[in-house]
Amino acid sequence: MRARPRVSPTGSSGSDHSPQDDLPYSTCWTAPVNDPLIDVRRLTRRFPGGAGLAPTDLHVAAGEIHAIVGLNGAGKTTLMRLILGMLRPDAGSITINGRQLGASDAPWGQVGHLLDAPLAYPELDCRANLTVAARLHGVPQADIPAKVDNAITALNLGQFEQTLTRRLSAGNRQRLGLAAALVHDPDVIILDEPTNALDPRGVILLRQLLLTRAEHGAGVLVSSHHLDEVARIANRITVINCGRSIGSLSPHAIDLERTFFAMVHDDRDDQ
Numbered sequence: 006m007r008a009r010p011r012v013s014p015t016g017s018s019g020s021d022h023s024p025q026d027d028l029p030y031s032t033c034w035t036a037p038v039n040d041p042l043i044d045v046r047r048l049t050r051r052f053p054g055g056a057g058l059a060p061t062d063l064h065v066a067a068g069e070i071h072a073i074v075g076l077n078g079a080g081k082t083t084l085m086r087l088i089l090g091m092l093r094p095d096a097g098s099i100t101i102n103g104r105q106l107g108a109s110d111a112p113w114g115q116v117g118h119l120l121d122a123p124l125a126y127p128e129l130d131c132r133a134n135l136t137v138a139a140r141l142h143g144v145p146q147a148d149i150p151a152k153v154d155n156a157i158t159a160l161n162l163g164q165f166e167q168t169l170t171r172r173l174s175a176g177n178r179q180r181l182g183l184a185a186a187l188v189h190d191p192d193v194i195i196l197d198e199p200t201n202a203l204d205p206r207g208v209i210l211l212r213q214l215l216l217t218r219a220e221h222g223a224g225v226l227v228s229s230h231h232l233d234e235v236a237r238i239a240n241r242i243t244v245i246n247c248g249r250s251i252g253s254l255s256p257h258a259i260d261l262e263r264t265f266f267a268m269v270h271d272d273r274d275d276q
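When you read off a place in the sequence shown, starting at 1, and then add 5, the result is the number in this note's numbering.
Have a look at this one:
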């Protein structure tokens, strides 16, 4: 596999990184990338009791893996649900691949996602579930068998392709959910805690798959509790705390976990 290019905040790529990459974290605003595949501006959602998402900006460029990290309840899943149209924002805008969320031509056929539990029909086998997923994402009928074959190979599901979903282990159900999210080769990939239930081999398969998709121009937004894992693949890491974006971590930081908790602690002191 060739080296993955780093994507700068201006959208350019190269093997060099700026001096700021050597800093453990930054709380400054990051300029939007040129023509991002995901463009979130001042996105806001309020829930009763004060929880929710404060005005948030987030951008994911083509060829970029952008990770969001935070403690449980920080707002990561809420942000992803808003981007995917599963929740209605109170304010702000969301643009995916140049099209405004809510438009009649919103490009959902170009988006692959996995949030919460994998969505699959328990009485269908893996191949049938992936065939359904490909159809729902608008893959032409003639292309479906090859797309399904590719997804099965990528997630190492060959020995389970005729196994009913309800008989799969939790880890293999997660692999199936990931395969269903990616079967149509989406331009935009949004995954919430995608390594949940995966064994080490599954984690490596997913890592290689996301790096390959980014190399081919996809924009990837991924959330995780595993800082060391996202540091292996992410171009940028945004920290979410109490419904707010509080800064960014450098994937090159020596002690990423300590830096993360320092950011969260400092943020709580400021509230």
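For every residue, glycine included, the Cβ atom is placed at its ideal position computed from N, Cα and C.
This structure is a prediction, so every number in the text was calculated from the model and none was measured.
Nearest residue (CA-CA) to residue i, options the options
i: THR61; options: MET85, ILE209, ILE70 and GLY78; result: MET85
i: ALA282; options: ASP275, CYS247, LEU232 and ILE251; result: Given a span of 6 to 276 for the chain in the structure shown, any question on residue 282 remains unanswerable.
i: GLY163; options: HIS118, ALA184 and PRO145; result: ALA184
i: THR200; options: GLY80, MET91, MET268 and VAL227; result: VAL227
i: ARG273; options: LEU76, ARG51 and ASP44; result: LEU76
i: LEU58; options: VAL45, GLN179 and ILE101; result: VAL45
i: GLY252; options: VAL235, ASP271, GLU234 and ALA236; result: ASP271
i: ALA156; options: ALA175, ARG104, LEU214 and GLU234; result: LEU214
i: ARG218; options: GLU262, ILE195 and LEU254; result: ILE195
i: GLU220; options: ALA56, ASP192 and CYS247; result: ASP192
i: HIS230; options: ALA159, ILE101, CYS247 and GLU262; result: GLU262
i: ALA111; options: HIS118, THR100 and GLY117; result: THR100
i: GLY97; options: ARG51, ALA56, HIS118 and VAL116; result: ARG51
i: PRO127; options: LEU216, PRO94, GLY55 and ALA175; result: ALA175
i: PRO53; options: LEU106, GLY224, ASP95 and ASP154; result: ASP95
i: LEU190; options: VAL116, LEU216 and ASN102; result: Looking at the sequence provided, one finds Asp at residue 190 rather than Leu. Nearest C-alpha to ASP190: VAL116.
i: ARG47; options: GLY248, LEU216 and GLU234; result: GLY248
Contact set for residue i: own chain, Cβ-Cβ below 6 Å, skip 5 residues either direction
i: LYS152; result: ALA139, VAL144 and VAL188
i: GLY114; result: HIS142 and GLY143
i: PRO37; result: Its pLDDT being 44, under 50, PRO37 is placed unreliably in this model, and the coordinates cannot settle the point.
i: ASP197; result: THR82, MET85, LEU120 and SER228
i: ARG178; result: PRO123
i: GLN167; result: ASP130
i: ALA2; result: Any question about residue 2 goes unanswered here, given that the chain covers just 6 to 276.
i: ALA236; result: PRO256 and LEU261
i: SER250; result: THR61 and THR243
i: ILE245; result: ILE73, GLY75, ALA79, GLY80 and LYS81
i: PHE266; result: none
i: VAL225; result: ILE70, ILE194, LEU215 and ALA219
Residue i - partner residues in DSSP beta bridges
i: THR61; result: LEU48
i: ASP130; result: LEU169
i: VAL74; result: SER229 and VAL244
i: ILE43; result: VAL65 and ILE101
i: ALA96; result: THR49
i: ILE194; result: GLY117 and VAL225
Contacts around residue i, its chain only, beta-carbon distance under 7 Å, and the 5 residues preceding and following it disregarded
i: LEU181; result: PRO123, ALA125, CYS131, ASN134, LEU162, THR170 and LEU173
i: LEU211; result: LEU183, PRO199, THR200 and LEU203
i: ILE88; result: ILE43, VAL45, ILE99 and ILE195
i: MET268; result: TYR30, VAL244, ILE251 and GLY252
i: THR49; result: LEU58, ALA59, PRO60, PRO94, ASP95, ALA96 and GLY97
i: ASN102; result: LEU42, PRO112, GLN115, ASP192 and VAL193
Close-in-space but distant-in-sequence residues of the same chain around residue i (CB under 8 Å, 5 per side omitted)
i: LEU129; result: VAL137, LEU169 and THR170
i: ALA159; result: ALA184, LEU187, LEU210 and LEU214
i: GLY222; result: ALA67, GLY68 and ASP192
i: ILE149; result: THR136, ALA139 and ARG140
i: ASP154; result: none
Any 3 or more C-beta pairs closer than 8 Å across the region 234-248 and the region 70-77: Contact holds: three or more Cβ-Cβ distances are below 8 Å.
- Item | Entirely enclosed beta strand (DSSP E) segments - the region 196-233, minimum 3 residues | Here the runs fully enclosed are 224-229.
For this session: Just list the beta strand (DSSP E) runs in the region 243-276, keeping only unbroken ones of 3 residues or longer that don't cross its boundaries, in chain order.
Result: Complete beta strand (DSSP E) runs here, min 3: 249-254.
Three-pair Cβ contact test at 8 Å for the region 200-220 versus the region 39-56: The region 200-220 is not in contact with the region 39-56.
Requested in this report: Return the chain-ordered ranges of every alpha helix (DSSP H) run that is complete within the region 133-166 and spans a minimum of 4 residues.
Outcome: Listed in chain order, the complete alpha helix (DSSP H) runs (minimum 4 residues) inside the region 133-166 are 149-159.
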